[in-house]
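Asker: Handing you this structure, nothing more for now.
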Amino acid sequence: MSRLSMAVKSLRRARRPVNMAALAKELGVSRATLYRHVGSATDVKALVGESVGQRRSNEEVFAAVKAVMGERGLRGTTLEAVAERAGVSAVTLHRRFGDRLSLLRAFMDAIPARRVGRALAGADPSRVRAVLLDFTRRALSDLEGSLELMRAMLGDPLAFEELSTKARDPARGVSAGVLAYFTRCVTSGSLGGDPRTLTTVYLSSLFGFGLMARSMARDQALASPSNVAMLVSTFLEGALPRSRRC
32 MSRLSMAVKS
42 LRRARRPVNM
52 AALAKELGVS
62 RATLYRHVGS
72 ATDVKALVGE
82 SVGQRRSNEE
92 VFAAVKAVMG
102 ERGLRGTTLE
112 AVAERAGVSA
122 VTLHRRFGDR
132 LSLLRAFMDA
142 IPARRVGRAL
152 AGADPSRVRA
162 VLLDFTRRAL
172 SDLEGSLELM
182 RAMLGDPLAF
192 EELSTKARDP
202 ARGVSAGVLA
212 YFTRCVTSGS
222 LGGDPRTLTT
232 VYLSSLFGFG
242 LMARSMARDQ
252 ALASPSNVAM
262 LVSTFLEGAL
272 PRSRRC
């Protein structure tokens with residue numbers, strides 16, 4: 032049996048990720064040396080008949096961030112911890128993302144609700160109910176898969192403040208998209224009141240409901256049509272101009 036085959040089997044027995052970085056470490060050589068003598072991960076598979084992990088996608092890295100943050104909280108979400116969970120080296124993460132806060136910034140920017148929030152900014156202000164029904168459904172669906180993450184973030188106020196002030200880009204967040212949309216709605220007359228206050232009330236009710244509802248109604252999907260309709264109707268009851276209220 033070749034040294035390469037033995038290294039692969041050793042990693043498998045130890046339940047460690049089998050990738051080029053781990054193989055190089057197991058063999059006691061640099062990755063550059065391994066690539067030079069063996070070739071790519073595909074070449075290794077051809078030689079030993081075992082699949083070898085290749086470059087982790089951003090989605091896989093972000094899944095590792097989410098898992099680590101849920102288990103260890105914000106302070107425990109280090110480059111090293113994320114790298115271990117993702118099956119890559121900390122050097123690889125640093126090379127791709129930069130420091131810890133840069134990684135967290137990239138992670139937060141990829142959250143689906145943030146992308147939807149950015150798209151919301153350009154939505155039609157004359158269709159406010161339909162627009163909010165769609166956004167609320169999407170936001171609750173995303174929140175349902177991230178409740179433990181949200182609790183971990185809110186459970187450490189100091190670390191959350193650091194993340195909010197240093198790692199978050201305010202111009203690309205959910206609140207920025209909602210604020211931009213509500214500003215257009217107020218300007219057009221579709222909504223009444225102050226756009227910033229409307230944004231605060233709407234997002235507070237959305238995330239507050241998401242955090243509380245799961246523990247109180249476990250048999251119902253967070254983004255069920257009834258939940259979405261209730262949240263939007265309650266918000267619009269106070270936000271619509273008096274002349275347009277039912």
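Per this note's numbering, the sequence shown runs over residues 32 to 277.
Just so it is clear, CB atoms sit at the ideal spot from N, CA and C, and this is done for glycine as well.
Report the residue from 89, 169 and 157 whose alpha carbon sits nearest the alpha carbon of residue 126.
Answerer: The option with the nearest alpha carbon to residue 126 is 89.
Asker: Are the CB atoms of residue 174 and residue 259 within a distance shorter than 8 Å?
Answerer: No, they are not a contact pair.
Asker: Less than 8 Å between the C-beta atoms of residue 209 and residue 151, yes or no?
Answerer: Contact flag set, yes.
Asker: Using CA atoms only, rank isn't needed, just tell me which of 142, 156 and 153 is closest to residue 171.
Answerer: The shortest C-alpha separation from residue 171 is found at 142.
Asker: Just confirm the distance between the C-beta atoms of residue 61 and residue 52, as a whole number of angstroms; I'd bet it's less than 8 Å.
Answerer: The Cβ separation is near 10 Å, so there is no contact.
Asker: Is the separation between the beta-carbon of residue 132 and that of residue 110 shorter than 8 Å?
Answerer: Contact: no.
Asker: Could you spell out the range, first to last residue, of the alpha helix (DSSP H) harbouring residue 96?
Answerer: First-last of the alpha helix (DSSP H) with residue 96: 89-103.
Asker: Provide the residue span of the alpha helix (DSSP H) that contains residue 165, from first to last.
Answerer: Start and end: 159-175.
Asker: To which residues of the same chain is residue 264 closer than 6 Å at the C-beta, ignoring the five residues directly before and after it?
Answerer: Around residue 264: no qualifying Cβ.
Asker: Do residue 154 and residue 212 have their CB atoms nearer than 8 Å?
Answerer: Yes, these two residues count as a Cβ contact at 8 Å.
Asker: Skipping 5 residues on each side, what residues in its chain have a beta carbon closer than 7 Å to that of residue 240?
Answerer: 262.
Asker: Helix, strand or coil: how does DSSP classify residue 109 here?
Answerer: Three-state result, residue 109: coil.
Asker: Hey, residue 222 and residue 229 are a contact pair by Cβ (cut 8 Å); roughly how many whole angstroms apart?
Answerer: Their Cβ separation, rounded to whole angstroms, is 6 Å, which keeps residue 222 and residue 229 in contact under 8 Å.
Asker: Counting only the same chain and skipping the five closest in sequence on each side, list residues whose C-beta sits under 6 Å from that of residue 43.
Answerer: There are no such residues.
Asker: Does the beta-carbon distance from residue 113 to residue 95 come in below 8 Å?
Answerer: Yes, the Cβ-Cβ distance between residue 113 and residue 95 is below 8 Å.
Asker: Does the distance from the CB of residue 216 to the CB of residue 159 come in under 8 Å?
Answerer: Yes. Within cutoff.
Asker: Give the secondary structure of residue 141 by DSSP, where H, G and I count as helix, E and B as strand, and everything else as coil.
Answerer: Coil at residue 141, not helix or strand.
Asker: Taking the C-alpha atoms as reference points, what is the distance between residue 243 and residue 50?
Answerer: Approximately 41 Å between the Cα atoms of the pair.
Asker: Alpha carbon to alpha carbon, how far is residue 255 from residue 65?
Answerer: Whole-angstrom Cα-Cα distance: 52 Å.
Asker: Which of helix, strand or coil does DSSP assign to residue 153?
Answerer: Three-state DSSP puts residue 153 in coil, outside helix and strand.
Asker: Do you know offhand how far residue 162's Cα is from residue 252's?
Answerer: Taking the straight line from one Cα to the other gives about 20 Å.
Asker: My output table needs one value for residue 281: the three-state DSSP class, helix, strand or coil.
Answerer: This structure does not reach residue 281, given that the chain is present from 32 up to 277, and the question cannot be answered.
Asker: Work out the CA separation of residue 47 and residue 36 for me, nearest whole Å.
Answerer: If I take the Cα positions, the gap works out to 15 Å.
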